[in-house]
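Report on one structure; see the data block that follows.
In the UniProt record's numbering, the protein residues as written are 1 to 574.
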């Protein structure tokens, strides 16, 4: 249960006849279950009170009561003509039903996939629906002739953008947002949102770069645009050009990675989709391009092309009546007929009772001779935070296997130059103290062995830690996160423990003597010393993130000990 007292609705005039209703919460809502940062959010809805009254993007069920009360204070529901849906999902169902009870005359404006989903979700109701096939115009009067533009992606095949030339506002729904909660309506001082916007992109869009680039091209044709009216977070005005360019840069970079994985899935209730998105997150963090394919909406030719050009593929399915849905069976047939058995494979899925689909798919791939990058993932009902973290770590391991195969092939075909080898040897002479970083976010606990650690500031005392992009705990080192830096003593017992390969989701601290620090992270009782830290800044540097953290507390545990140091012969790996 969520505490409704922790929510409110702000209402502001933002343009000609146009208001934003910002439903806010400081709780973490689970409509994006794989979105792990916990900074609250706003669900932004918009009201255009022209000759014809329209609502754009009503919020999900967590906000229904407060949202309806706010509308009642400002609107005669008899005058409500249109509700425009940037996308539809079951989370919006309660609010949509409540609006129908207040205003049964509503015409719902949405894309064709959303039309089908609405009729399936409300089979008992007769709905007035205006279906947008590609581009349509909707005249509300007073100059508000809205342009409706379909913007499908694998994640939101029913995506719809709305542009109002009168107010020069582009209503972007899932694009350009951020899950943060605060008092700012617009993004004044927009650089403070940079990390949140990047994290939002990485979680929601990095696995669909080709579609994002296509949508950016559509947006470029709209002019002029005063600001983006987003579905979540501050409205984007001051950082609009910067963020638009960054979306293009990030998508171009993601599309051009040297390794590619086709990630195919279908989802009956959203649970398999959540697993797919967690896996995609782990792959993209590891520098692997992902071709995310929702088989419920993809053409056979799209599936075939993606699988053929990929270095590996992962397929996910729910179990319906003891079987995989027809779309997944079709995709599996395409894979078996066209994909080389040299490609690395993976299988996952969710189920309610028996879960046969995952085993059936895995057995057919094994019989065909495919090598698996991980054991099939079977998740009963809705995945938890810990389950999603395990899925992300599994994907990181899958990416690392692809990378090792790539390096082996490269070594067979080329030899490293003497000058490059000498440089690597010289870089390897840089040394650092051996430490174990322990992190916690909610129920998820993680840790890693670190040697790229250095004191960075005297006042306040601060340090930097370099964390590889494909480290399991990298996603837990964002601004505001806390960790414990355990500085190791000479000797190899703790070092050996953390140098071993951990299975995805495995508790790295299970067999060790630990104490919980005041920030909730784990202290290794056999360490030389520990420091409790809070992340204050991050910088992306090649294949690592450099994390700057301030030290908030610490203690020397062994007065007689000597700091363990990591010596390397080469600068090309740890």
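Glycine residues also receive a C-beta, built at the ideal position from the N, C-alpha and C atoms.
The beta-bridge partner set that DSSP reports for residue 150 consists of 160. If the five residues before and after residue 43 are omitted, its C-beta is found closer than 6 angstroms to the C-beta atoms of 23, 59, 63, all from its own chain and listed in chain order. A distance below 8 angstroms separates the beta carbons of residue 400 and residue 286. According to DSSP, residue 7 shares a beta bridge with 25. Within its own chain, the residues whose Cβ lies closer than 8 angstroms to the Cβ of residue 106, once the five positions on either side in sequence are excluded, are 80, 81, 82, 83, 99, 100, 128, listed in chain order. It is roughly 24 angstroms from the alpha-carbon of residue 26 to the alpha-carbon of residue 87. Going by C-alpha positions, residue 124 is about 12 angstroms away from residue 97. Taking a cut-off of 8 angstroms on C-beta distances, the segment 306 to 325 touches the segment 343 to 351, as three or more cross pairs fall below it. Here residue 203 carries a helix assignment [DSSP, helix/strand/coil]. In the DSSP annotation of this structure, the continuous segment of the alpha helix (DSSP H) that includes residue 337 starts and ends at 326 to 338.
A distance below 6 angstroms between beta-carbons, with the five flanking residues on each side excluded, links residue 561 to the following residues of its chain, in chain order: 489, 528.
The segment 219 to 231 makes no contact with the segment 191 to 204; the number of CB pairs closer than 8 angstroms stays below 3. In the structure shown, residue 356 adopts helical secondary structure according to DSSP, grouped into three states. Cβ contact annotation for residue 323 (same chain, cutoff 8 angstroms, sequence separation greater than five): 329, 356, 357, 360, in chain order.
Contact annotation: residue 310 and residue 347 have beta-carbon atoms that are not nearer than 8 angstroms. According to the DSSP assignment, residue 250 belongs to the alpha helix (DSSP H) that extends over 240 to 255.
Residue 479 and residue 392 have their C-alpha atoms spaced approximately 20 angstroms apart. Residue 518 and residue 557 have their C-alpha atoms spaced approximately 16 angstroms apart. Under the 8 angstroms Cβ criterion, the segment 466 to 478 counts as touching the segment 540 to 549, having at least three qualifying pairs. For residue 269, the secondary structure class from DSSP, reduced to helix, strand or coil, is coil.
By the criterion of at least three beta-carbon pairs nearer than 8 angstroms, the segment 207 to 218 is in contact with the segment 248 to 259.
Between residue 121 and residue 90, the CB-CB gap stays under 8 angstroms.
Each of 362, 367, 368 was checked against the Cα of residue 377, and the nearest Cα belongs to 362. Closest option to residue 552, judged by alpha-carbon separation, among 430, 292, 403, 458: 458. C-alpha of residue 278 to C-alpha of residue 284: approximately 10 angstroms in a straight line. Under a 10 Å Cβ-count criterion, residue 269 is classified as exposed, with fewer than 16 other Cβ atoms of the shown protein chains found around its own Cβ.
Buried is the label assigned to residue 294, since at least 16 other Cβ atoms lie within 10 Å of its Cβ. As DSSP reads the structure, residue 553 sits in a beta bridge with 532. The three-state reading of DSSP puts residue 53 in strand, counting E and B together.
For residue 448, the pairing in a beta bridge is given by DSSP as 437. Between the alpha carbons of residue 454 and residue 509 lies a distance of about 24 angstroms. By the C-beta criterion, the segment 381 to 397 is judged to be in contact with the segment 435 to 452, since at least 3 inter-stretch pairs fall below 8 angstroms.
The three-state reading of DSSP puts residue 72 in helix, counting H, G and I together. According to DSSP, residue pairing for residue 108 in a beta bridge involves 83, 129.
Distances from the alpha-carbon of residue 338 to those of 555, 370, 69, 327 put 370 closest.
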